[in-house]
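Please read the structure below before turning to the comments.
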Amino acid sequence: MTTEIRDSILATLAYYDILDFPLTLFEIKKYLINPARFQILPQAINEITLGGIQKELDYLCSAEKISSQNGFQFLNGREELYEKRMEKDKIASAKWKKFLKISKWFAAVPYLRGFLVGGSLAYNNTVKDSDFDALIIAKSGRLYTCRVFLSLVASLFGARRKRSDLVAPDKFCFNHYITDGNLNIKHESLYNAQSYANLKPVLISEELFKKFYGANVWLNKYVYNFRPADDFVLRKIKPSLTLALFAGIAEKVLNSFWGNWLEGILKHFQQKRIKNNSATYESGGRVVFNDNELEFHPRSFEKVLLAKYNAGLKKAGIFTVGEEKDSGLN
């Protein structure tokens, strides 16, 4: 099993190397790619501890496979990543302040049940032009109403990314919505597993947070040590009672025939726009629009990253049962 764990550690560093992101010992443990993906024959995997990982890191350093600086690990020859991360941490700190300053107002959005930050900000891998990616959980039956109100609040602050924006620093990119009655993410891949394992809760109850990850236990097929409970308190906003009251009153008004009518109108209008957008049908991405999910990734980085990852493993002589595939992009 030592070989598989060693390969798993090296593969994890190789994955984040593509993102120009060195990892600490704790991060390697948390985002460790499942050693089972490097097994020829299935075997039981015991607990993988920090001490065990450190032992393998020491070996990989002595074998000149990786290097280390001030607690950050990276592939050999990539020493510049340490300074890059220091700079990215500074940028991320400033961006988190901007993000949280506006995000607190989303508590006023009716039918918003969960708001989690994703993308580069979720793991502090930002550059100056980075936007704010988010996963939205809306109340079932009110997906399109929630989307309109969320976009409206962001627009009031001039903080919503528009389709015409080539870059949108510090703008909110609402590119993925699901409903509280359909929490399972069906698009499984190493890329998505790492992405969802990196999500940070901002506005969400602990019960729904646990329910979301309970519906997506497939993440551990790819990310061995991931335990979502460890992240619940990170970056979480305590909703304003006034804003929550406003959302509650709006929901009471819209929990009616007129609310159903509005949802139907908004659904028709939004789906028509999505269908008429040529980006919806581009290859190399995915756009989903139905009653339970809205996903807007017409030009996903997933395929590019996994191609580099698979090539990197071959170059490093790491055996895998099969190449990592994308999650079913167009």
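Quick note: the sequence shown, position 142, residue 131 per the working numbering, numbers continuous.
Ideal Cβ placement from N, Cα and C applies to all residues, glycine included.
Here the structure is a predicted model, which is why all the values come from computation and not from measurement.
Exercise. Going by C-alpha distance, which of Val137, Leu12, Ala96 is nearest Lys68?
Worked result: Walking along the sequence shown from the start, residue 68 turns up at place 79. Note that residue 68 is Glu in the sequence shown, not Lys. With distances taken between Cα atoms, Glu68 lies closest to Leu12.
For this session: May I ask which residues mark the beginning and end of the alpha helix (DSSP H) holding Phe198?
Result: Residue numbering aside, residue 198 sits at position 209 when the sequence shown is read from its first letter. From DSSP, the alpha helix (DSSP H) with Phe198 extends over 195 to 203.
Exercise. Glu284 lies in the beta strand (DSSP E); which residues open and close that run?
Worked result: Counting from one through the sequence shown, the residue named residue 284 turns up at place 295. Note, Glu284: beta strand (DSSP E), 282 to 286.
Problem set entry | Where Ser140 sits in the DSSP three-state scheme | If you number the sequence shown from 1, residue 140 lands on position 151. Looking at Ser140 - three-state DSSP - the assignment turns out to be helix.
For this session: Report the rounded CA-to-CA distance for Asn281 versus Trp250, giving the unit in angstroms.
Result: Residue numbering aside, residue 281 sits at position 292 when the sequence shown is read from its first letter. Residue numbering aside, residue 250 sits at position 261 when the sequence shown is read from its first letter. Cα to Cα, Asn281 sits roughly 18 Å from Trp250.
Exercise. Can you name the start and end residues of the alpha helix (DSSP H) that Phe27 belongs to?
Worked result: Position 38 of the sequence shown, counted from the start, is the residue given in the question as residue 27. Careful: Phe27 lies outside any alpha helix (DSSP H) and carries neither H nor E.
For this session: Out of Phe221, Tyr185, Lys86, Tyr180, point me to the one whose CA is closest to Lys199's CA.
Result: On the sequence shown, residue 199 is found 210 positions in, with the first residue counted as 1. Selected option, being the one with the closest Cα: Phe221.
Exercise. Helix, strand or coil: which one does DSSP assign to Leu273?
Worked result: Position 284 of the sequence shown, counting from 1, holds the residue named residue 273. Strictly speaking, residue 273 in this sequence is Gly, with Leu absent from that position. Three-state result, Gly273: coil.
For this session: Alpha carbon to alpha carbon, how far is Ile263 from Arg275? Give it in angstroms, no decimals.
Result: Here residue 275 is taken as the residue at index 286 of the sequence shown, counted from 1. Here residue 263 is taken as the residue at index 274 of the sequence shown, counted from 1. One C-alpha to the other measures close to 12 Å.
For this session: Look at the Cβ atom of Leu188, then the Cβ atom of Leu124, and state whether they are nearer than 8 Å.
Result: Your numbering for residue 188 matches position 199 in the sequence shown. Your numbering for residue 124 matches position 135 in the sequence shown. Cβ atoms of Leu188 and Leu124: closer than 8 Å.
For this session: Give me whichever residues DSSP pairs with Gln58 in a beta bridge.
Result: Counted from its first residue, the sequence shown places residue 58 at position 69. Beta-bridge pairing links Gln58 to Phe61.
Problem set entry | DSSP bridge partner residues for Trp168 (one or two, in chain order) | Here residue 168 refers to the residue found at position 179 of the sequence shown. In the sequence on display, residue 168 carries Thr and not Trp. In DSSP, Thr168 forms a bridge with Ala127, Asn171.
For this session: Write down the C-beta distance between Leu(-1) and Ile307 rounded to the nearest angstrom, noting that I regard them as a contact closer than 8 Å.
Result: Against the sequence shown, residue -1 aligns to sequence position 10. Against the sequence shown, residue 307 aligns to sequence position 318. About 6 Å; that satisfies the 8 Å criterion.
Exercise. So what does Asp122 bridge to, in DSSP terms?
Worked result: In the sequence shown, residue 122 corresponds to position 133, counting from 1. Asp122 is bridged to Gly107, Cys162.
Problem set entry | Reference His286; option with closest CA among Tyr48, Lys175, Cys162 | Position 297 of the sequence shown, counted from the start, is the residue given in the question as residue 286. Out of Tyr48, Lys175, Cys162, Cys162 has the C-alpha closest to the C-alpha of His286.
For this session: Taking Leu155 as the reference, give the member of Tyr5, Arg288, Phe10, Thr(-9) with the closest Cα.
Result: Locating residue 155 in the sequence shown gives position 166, counting from the first residue. It is Arg288 whose Cα lies nearest to the Cα of Leu155.
For this session: Report the rounded CA-to-CA distance for Pro190 versus Arg(-5), giving the unit in angstroms.
Result: Translated into positions along the sequence shown, residue 190 becomes position 201. Translated into positions along the sequence shown, residue -5 becomes position 6. Each residue's alpha carbon lies about 31 Å from the other.
For this session: Compute the Euclidean distance between the alpha carbons of Ser316 and Lys225, then round it to the nearest angstrom.
Result: If you number the sequence shown from 1, residue 316 lands on position 327. If you number the sequence shown from 1, residue 225 lands on position 236. Looking at the two C-alpha atoms, the distance is approximately 29 Å.
For this session: Grab me the residues of Tyr5's own chain with a C-beta within less than 6 Å of its C-beta, minus the 5 sequence neighbours each way, in chain order.
Result: In the sequence shown, residue 5 corresponds to position 16, counting from 1. If we look at Tyr5 and ignore the five residues flanking it on each side, its Cβ neighbours are Leu12.
Exercise. Hey, Ala96 and Leu232 are a contact pair by Cβ (cut 8 Å); roughly how many whole angstroms apart?
Worked result: The residue you call residue 96 lines up with position 107 of the sequence shown. The residue you call residue 232 lines up with position 243 of the sequence shown. Yes, they are in contact, since the Cβ atoms of Ala96 and Leu232 sit about 4 Å apart, within 8 Å.
For this session: On a CA-only basis, which of Asp219, Val137, Phe138, Gln28 is nearest Lys18? Give me that one, please.
Result: Within the sequence shown, residue 18 is the residue found at index 29, counting from 1. Among Asp219, Val137, Phe138, Gln28, the Cα nearest to that of Lys18 is on Asp219.
Problem set entry | Best match in Ala236, Ser92, Pro99 for proximity to Ala149 [C-alpha to C-alpha] | Here residue 149 corresponds to residue number 160 of the sequence shown, with the count starting at 1. Looking at the sequence shown, residue 149 is not Ala but Arg. Residue Ser92 is the option with its Cα nearest to Arg149.
Exercise. What residues in its chain sit with their C-beta under 7 Å from that of Asn113, if we drop five residues either side in the sequence?
Worked result: As a position in the sequence shown, residue 113 is number 124, starting the count at 1. So the qualifying residues of the chain are Lys77, Asp78, Ala81.
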